[in-house]
Every structure is written in structure tokens, then in C-alpha cells.
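Each residue of the sequence shown is one higher than the one before, counting from 104 in the working numbering. Data block below; observations after.
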Amino acid sequence: MPNIRYVSKNLFIEKLSVSNIGKKGGTPLYIYSENQIKENYIKFVNTFKKIKPLVCFAAKSNSNLSILRSLGKLGAGADVVSVGELLKALKAGIKANKIVFSGVGKTEEELKIAINKKILLINCESESEAKIINKIAKKSNKKVSIGFRLNPDIDAKTHKKISTGKANNKFGISIKNFYFFFKEIKKLKNIKLDALSVHIGSQILTDVPYKKVLTVLSKLIKNLDLNLKHIDLGGGFGINYSKKDKPINLKRYSNLVHSFSKKLNCKIIFEPGRSIVGNAGILVSKIQYIKNGANKKFVILDAGMNDFMRPALYDAQHDIIPVIKTTKKIKGIIEFVGPICESTCKFGKYKNYQKISENDFVAIANVGAYGASLSSNYNTRPLIPEILVNKNKFKFIRKKQNLLKLISA
Ligand code: LLP
């Protein structure tokens, strides 16, 4: 049974009515199903079980401490991109030897901390970064194991703003430069190349680009006769935001990775984010006002683009569903918008939507990934609460940010 579903006319998350949580918790608020997150993680691990990968959850997709803790308990590692995420992952009980650190602009301070904490892997994204790691390691007489992130120049066939593996994207190092720099790495005595990593983009719905990545990697490893401990294949697995999206065939991909890794005798790492938490969260919002525009009705929510950025940032479409269903309809077009003073603060348009009124709740669906973690204080609005539901219990896993603190600077 899905964890977020209607029971008769009422939207439920696990065993709790969303309407009741909304009334108690105050809107807008994020609500997550802990069991959905766990199921997603376990399903992912099972899909790849022949490979026995290390699954490093991409903390940027949802960095709430309780969620990291819950995944950590199931055995997940973490993929982090800042010292903040690194310290949070450790605080959540994820062991350093399960943490990988990606990012094009890691500072010397961040690298020092990562080295001191002895994390599994720093995925270098430039020659200069490798040299800095070498310098830090030399000072403390260490040999640090690093990975190199490659930019394979492969089109992930996703939204252009979340594509990361094309030559014109800032991420990683091109294959050509890697061939050249490989000789230089050998001269850096305090680092050891133990891994290669790739991450070509997010919300990818076909295994075709992943297959191309494996071909590029195989060729490179063979040509340079690399002996690696890990290959980090990144994340990017898409979810179904709408009924039109066809799910990615992860089983087929897992078979490809299996035959790829068999020959290499190294540990495979994945960094999924969205596919673990995306469908586990909803954003519950109250209808503040409904007003007539010239050619449509504006349904003004109490949630704004600062609370949930994806529609404004990527024109992302998320279903907006009523918390209590009715068969009555409103005629014509309505547009759900938020209160922020920007025209892009809008969430979606509908024709012949069900009848809704001011003060009703609606839920924006599939916001567990890149929802709360992308939110901001724009328009001096406090960060909103997050609630985690487990069966018939719920708890605040982030309280609403204190307004007095917010206005102190
Ligand atoms: N590994 C690296 C190095 C990444 O940069 C990312 C995401 C991931 C793993 C996880 O990717 P996932 O499995 O979640 O697709 N804010 C955008 C998505 C940006 C993704 C950035 N990198 C959105 O809301 O669609």
C-alpha cells in the first residue's frame, strides 16, 4: 500500500490524516513518510544487490538530520558537498569511512576537515584541488586516497539546468585533460588515485546515458591500466513526477554495472538522492485567498517559492492535490501561486479543478528531494517546519525558524 494515499476522501500519510497534521503543525509545512524513505532505500539496495555497492545518500537532496540518521541506520553512507553536510552526516551517525565528498569549489579549510575526519573519498574536480590536497597531506605526513571526477561529455537527456556531464558544464575534468594530468598525479607523492567518479545529471529517466558512461570508463581504465579501489557512479536516477514520466529501468542498469564491475574487482559507489526521498514528502499549504484575475482565478497559497524553489527554478511540475477530495468542480482555469513578490512564485495551473475554498489545505506532491534543502529566507520568511511520520506517530524534525532570530541581522 502506498504510504501517501487517499483513505476515502482524506489524504493520508502512513496512518495519519494530513489534514490533522496540518491543523496541529501549522502551514506551510513539509511532511515526510519515514517508511517510504526506508522502502525506497531498501528497494535501491536490492536492485543492485549483485554488486553490493556502497550507497552514499546525496545529502543535498534532503539534509534533515533525522532523515540522514534514519538512512544511516539502514547502512547508507553519504555524499556531501560542503563541510556543513559532512559534519551533519557524521552527527547523524554515518561513519567517516562511508562518506564521499564532491564539489567543484571545496575550500582548503573544507579539505583539511575532510582529511582529518578520514572520510572514504574526496572526489577531486580539478588539478588545482588535487595539488591542494597533496599540500595538506604533505604537511601532516599523510598519503590521502582520492578520486577524480570525470566529465565524460555525455548528455543525460534531462533538464538543461540539472545536467552536469556535458563538456560545457563546470563539473569534473575532461577525459582529454585526465589523460594529461594522470602523469602529473603520479608526481604528487601524498595523494593516491584510488577512484574515479562520474555524475552526469539529475532526474534521468533512461539508462542510455549511464550505459555510455560505463563505456567511457571501461576504455579509460583499460588504456591507463588503472587499478582502482572504488568507482563512484554518482546518482541522478529520476522519479515519476507525473503519470507521463516513464520510470528508469534500474534493473537493466544494474545488470550493466554488474558486468562492468566484475572485470575490475573494485567497489561500486552510488550517490542517489531524489530516488530515495523524492516521493516521500509533501508540502502542505493553506489557501490564503482566492481572487479572480482577468482570465483565470489565482489561488494564493501560504507556501512561497522560498519554501519550494523547484517550479520557479526549473519550471518543475509537481501535482497539487487536495487534502480533502470532493467531486464538485470549479469551472475554468485556476493557478496556484505563492505570496512572494516575484512572478515566478507560482506552482501550477489546472482546468476544472475540484471545488476549493479559502482556508482549505492542499498538498504539493513529491517534494521530499530538493524541497526543504533548497528553501531560503527570501522576503524574510522563516524556514518552515518539517515533520516525519512513522505509522501513526509524527514528530517535528525541524521546528519553524524563529522569527526574532531571523530579523536580528
Ligand atoms: N552526486 C552528485 C555529485 C550530485 O551533484 C548530485 C546532485 C547527486 C549525486 C544526487 O543526484 P540525484 O540522485 O538526487 O539526482 N536541485 C535540482 C537537482 C540538483 C542535483 C544536483 N546534484 C532539482 O531540484 O532538480
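A virtual CB, placed ideally from N, CA and C, is assigned to each residue, including glycine.
Looking only at C-alpha atoms, which of the options sits nearest to residue i?
i: Asn280; options: Asp422, Asp256 and His302; result: Asp256
i: Asn138; options: Lys400, Lys494 and Leu506; result: Lys494
i: Thr309; options: Thr261, Ile288, Lys346 and Lys127; result: Thr261
i: His333; options: Phe284, Phe373 and Tyr133; result: Phe373
i: Val158; options: Ile170, Gly175 and Asn167; result: Gly175
i: His361; options: Val465, Ser166, Lys152 and Lys322; result: Lys152
i: Tyr109; options: Leu299, Leu353, Val470 and Lys428; result: Lys428
i: Glu188; options: Glu211, Ala179, Ala161 and Ser173; result: Ala161
i: Cys369; options: Ile437, Pro156 and Ser345; result: Pro156
i: Ala298; options: Leu291, Ile324, Glu212 and Ser266; result: Ile324
i: Lys289; options: Lys314, Ser364 and Glu230; result: Glu230
i: Asn113; options: Thr430, Ile436, Asn455 and Ser478; result: Thr430
i: Leu171; options: Lys315, Asp405, Ile140 and Asn254; result: Ile140
i: Ser185; options: Ser173, Ala217 and Lys201; result: Ala217
i: Lys269; options: Ala383, Asn254 and Phe283; result: Asn254
i: Glu117; options: Lys496, Ala512 and Lys508; result: Lys496
i: Lys314; options: Ser277, Phe363 and Ile276; result: Phe363
i: Met412; options: Pro312, Ser479, Ile379 and Asn395; result: Ser479
i: Ile124; options: Asn395, Lys347, Leu506 and Ser388; result: Ser388
Mind reading off the beta-carbon distance from residue i to residue j? Whole number of angstroms is fine, and I expect it under 8 Å.
i: Gly206; j: Glu228; result: 7 Å
i: Asn237; j: Asn293; result: 5 Å
i: Val148; j: Asp182; result: Between Asp182 and Val148 the Cβ distance is about 15 Å, and since that is not below 8 Å, they are no contact.
i: Leu336; j: Ile371; result: 6 Å
i: Asn455; j: Lys434; result: 7 Å
i: Val405; j: Thr130; result: One point to set straight first is that residue 405 is Asp, not Val, in the sequence displayed. Sure, about 6 Å apart at Cβ, within 8 Å.
i: Arg252; j: Ile276; result: 7 Å
i: Leu367; j: Leu317; result: 11 Å between Cβ atoms; not a contact.
i: Pro414; j: Lys458; result: Going by Cβ atoms, the distance from Pro414 to Lys458 rounds to 24 Å, so no, they are not a contact pair.
i: Val319; j: Ile265; result: Their Cβ separation, rounded to whole angstroms, is 20 Å, which puts Val319 and Ile265 out of contact at 8 Å.
i: Asp258; j: Pro312; result: 6 Å
Can you check whether the CB of residue j is closer than 8 Å to the CB of residue i?
i: Tyr144; j: Leu177; result: yes
i: Ala199; j: Leu193; result: yes
i: Leu224; j: Gly250; result: yes
i: Asn167; j: Ala475; result: yes
i: Ala472; j: Arg377; result: yes
i: Val121; j: Val440; result: no
i: Ile423; j: Gly451; result: yes
i: Leu327; j: Phe274; result: no
i: Ile390; j: Val465; result: yes
i: Lys399; j: Glu445; result: no
i: Val301; j: Leu386; result: no
i: Gln420; j: Tyr481; result: no
i: Ser248; j: Lys295; result: yes
i: Leu491; j: Lys502; result: no
i: Ile510; j: Thr483; result: yes
i: Leu353; j: Thr210; result: no
i: Gly339; j: Gly304; result: yes
i: Ser291; j: Lys234; result: Looking at the sequence shown, residue 291 is not Ser but Leu. Contact: yes.
i: Ser169; j: Ile500; result: yes
i: Ser321; j: Ile154; result: no
i: Gly384; j: Tyr133; result: yes
i: Ile403; j: Tyr417; result: no
i: Lys201; j: Gly180; result: yes
So who's on the other strand from residue i, going by DSSP bridges?
i: Asp335; result: Ser300 and Ile372
i: Tyr282; result: According to DSSP, which records beta bridges pairwise, Tyr282 is partnered with nothing at all.
i: Leu253; result: Ile276
i: Ile436; result: Lys454
i: Asn395; result: Lys400
i: Asp182; result: Ala161 and Val203
i: Ser266; result: Gly304
i: Ile492; result: Note that residue 492 corresponds to Val in the displayed sequence, not to Ile. DSSP, once it has assigned bridges, lists Ser136 and Phe497 as partnering Val492.
i: Cys227; result: Phe251
i: Tyr109; result: Leu114
i: Gly384; result: Tyr135
i: Ile390; result: Leu404
i: Ala466; result: Val387 and Ile424
i: Lys349; result: Answer is none; Lys349 lacks a bridge partner.
i: Leu119; result: Ile116
i: Val449; result: First, the residue type needs correcting, since residue 449 is Lys and not Val in the sequence shown. Paired residue(s): Val440.
i: Phe151; result: Note: Phe151 sits in no beta bridge, so no partner.
i: Phe340; result: Ile307
i: Lys221; result: DSSP output for Lys221 lists no bridge partner at all.
i: Ile487; result: Beta-bridge pairing links Ile487 to no other residue.
i: Lys295; result: Ser248
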